[in-house]
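J.: In our numbering, the protein residues as written are 2 to 208. For every residue, glycine included, the Cβ atom is placed at its ideal position computed from N, Cα and C. It should be emphasised that the depicted structure is a prediction, and the values quoted were computed from it without experimental measurement. Once you've had a glance at the structure underneath, I'll fire off some questions.
Laid out in structure tokens, this is it:
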């Protein structure tokens, strides 16, 4: 499971990275004072935005290249910290990143959860395990903002994978379908080359 993602970071094939952050996070996130779990975070600047809203932010990422790039590209000093995985704490900031297999990360609990690219990056057989593990790290009333995509997988296949509503709520029953946005102009090139005409980004919220 892990090797292809490590190779993509090594080769710089990270088309899913959003240099300016995710607009739907910025439009729909409404919580502060939370400890926020961000699984499979890459080097997303969403971590910075979440901290700026007054949250403690904890990301987990498989690739050390991505973790170190986050700190270096944003000019943030860091120091090593202990945890269930090797960790890095931003000096004077409320951001920590842990590097390794997400399924081995156990440093909960968290009262908030943000997922933009984790659930939709996983094959169908891994998604239930991912959701169960994430739930084990969250408090019962944790806030959640989960972003999925919907498109015709008969035209092309992921990642990112298209998820139907029933699957999403099957993983996290508290989630409510909050917003649907046409994201076709930002679709991966392979989707457009295959002839995909529309892709929607779906925002799910539990509060």
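#1: I'd like the list of long-range same chain contacts for residue 94, defined as Cβ closer than 8 Å, with 5 residues on each side in sequence excluded.
#2: Measuring only the C-alpha atoms, how far is residue 181 from residue 175?
#3: For residue 61, which option in 55, 47, 72, 86 has the closest C-alpha, if you only look at C-alpha atoms?
#4: Using DSSP with H/G/I as helix, E/B as strand and the rest coil, what is residue 156?
#5: Give the list of continuous beta strand (DSSP E) stretches no shorter than 3 residues that lie fully inside the stretch 63-127.
#6: Starting from residue 47, trace the alpha helix (DSSP H) both ways and give me its first and last residue.
#7: Just mark residue 47 as buried or exposed, buried being the case when its beta carbon has 16 or more other beta carbons within 10 Å.
#8: Excluding sequence positions up to five away, which residues of its chain have a Cβ less than 7 Å from the Cβ of residue 92?
#9: Which residue or residues does DSSP assign as beta-bridge partners of residue 40?
#10: Rounded to whole angstroms, what is the Cα-Cα separation between residue 1 and residue 71?
#11: Compute the distance between the beta-carbons of residue 113 and residue 37, then report whether it is under 8 Å.
#12: Sorted by chain position, which residues of the same chain lie with C-beta nearer than 8 Å to residue 21's C-beta, five sequence neighbours on each side aside?
#13: For residue 151, which beta-bridge partners are listed by DSSP?
#14: Let me know the secondary structure DSSP gives residue 139 once reduced to three states.
#15: Distance check for residue 132 and residue 145, CA to CA, integer angstroms please.
T.: Taking the coordinates as given:
#1: Locating residue 94 in the chain shown gives position 93, where the first residue counts as 1. Same-chain partners within the cutoff: 52, 77.
#2: Here residue 181 corresponds to residue number 180 of the chain shown, with the count starting at 1. Here residue 175 corresponds to residue number 174 of the chain shown, with the count starting at 1. Those two C-alpha atoms are separated by around 18 Å.
#3: On the chain shown, residue 61 is found 60 positions in, with the first residue counted as 1. Nearest option by C-alpha distance: 86.
#4: Your numbering for residue 156 matches position 155 in the chain shown. If DSSP states are grouped into helix, strand and coil, residue 156 belongs with coil.
#5: 79-82, 88-91, 96-100, 111-116
#6: The residue labelled residue 47 in the question sits at position 46 within the chain shown. That run of the alpha helix (DSSP H) goes 47-53.
#7: Translated into positions along the chain shown, residue 47 becomes position 46. Per the 10 Å Cβ criterion, buried.
#8: Mapped onto the chain shown, residue 92 falls at position 91. Closer than 7 Å at Cβ, skipping near neighbours: 78, 79, 80.
#9: Reading the chain shown from its first residue, position 39 is the one you call residue 40. 61.
#10: The structure shown does not extend to residue 1, since the chain spans only 2 to 208, so no value can be given for it.
#11: Position 112 of the chain shown, counted from the start, is the residue given in the question as residue 113. Position 36 of the chain shown, counted from the start, is the residue given in the question as residue 37. It is a contact, given that the beta carbons lie within the stated cut-off.
#12: On the chain shown, residue 21 is found 20 positions in, with the first residue counted as 1. So the list reads 46, once near-sequence residues are dropped.
#13: Here residue 151 refers to the residue found at position 150 of the chain shown. BP columns for residue 151 point to 201.
#14: Taking the chain shown and counting its residues from 1, the one referred to as residue 139 is at position 138. If DSSP states are grouped into helix, strand and coil, residue 139 belongs with the strands.
#15: Within the chain shown, numbered from 1, the residue matching residue 145 stands at position 144. Within the chain shown, numbered from 1, the residue matching residue 132 stands at position 131. Their backbone Cα atoms lie some 12 Å apart in a straight line.
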